[in-house]
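Visitor: If you count the sequence shown from 1, position 68 lands on 68 in the UniProt record's numbering, and the numbers rise without skipping. Using N, Cα and C, we set each Cβ at its ideal position, and we do this for glycine too.
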Amino acid sequence: MTVPAQEKSTGWRPGRKIKQLTNAVLNLDETLSRLDVITERLLLVLEKLDTTLSKLDTSLTTLNSSLDSLDSSLGRLDNVLENADWMLSPAQSLRKPLKRLMPRGSAKEGITAKEAAGGADAAEAEAASGSEKSSSDKKPKK
1 MTVPAQEKST
11 GWRPGRKIKQ
21 LTNAVLNLDE
31 TLSRLDVITE
41 RLLLVLEKLD
51 TTLSKLDTSL
61 TTLNSSLDSL
71 DSSLGRLDNV
81 LENADWMLSP
91 AQSLRKPLKR
101 LMPRGSAKEG
111 ITAKEAAGGA
121 DAAEAEAASG
131 SEKSSSDKKP
141 KK
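#1: Taking the C-alpha atoms as reference points, what is the distance between Ser69 and Asn79?
#2: Pro140 by DSSP, collapsed to three states: which one?
#3: Start and end of the alpha helix (DSSP H) containing Arg16?
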């Protein structure tokens, strides 16, 4: 029987082979015990992650209900603003004519809106009386 070259150089003996196999088994056992520790730690991490995700799900549900409430509140606020806009539109339409009637420096001098409106009423009354005079001037004389 011929002996392989590798066995000649290492001096193959049955005791040496058993020792190598024993070391391999011990290394495998050490590796498996490390894998057990890693697996246990990973299981703990996954359990904590599950707990965290459950809490996050609860928080997101609460946030969603808060957003629904905010959405309905904003809808009501939009209705209020539309009503206010509708109610203030006549005043808004008077704003430009009132600005034209007010002298340039009047805002700086402290003229109030009521005074300006009173001035507008006086100007309208004067314009109306002036139009009556002009219409009476146009009447044919008898």
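Guide: Taking the coordinates as given:
#1: 16 Å
#2: For Pro140, the pLDDT reaches just 48, beneath the cut-off of 50, and the residue's location in the model is therefore unreliable, leaving the point undetermined.
#3: Note, Arg16: alpha helix (DSSP H), Pro14 to Leu101.
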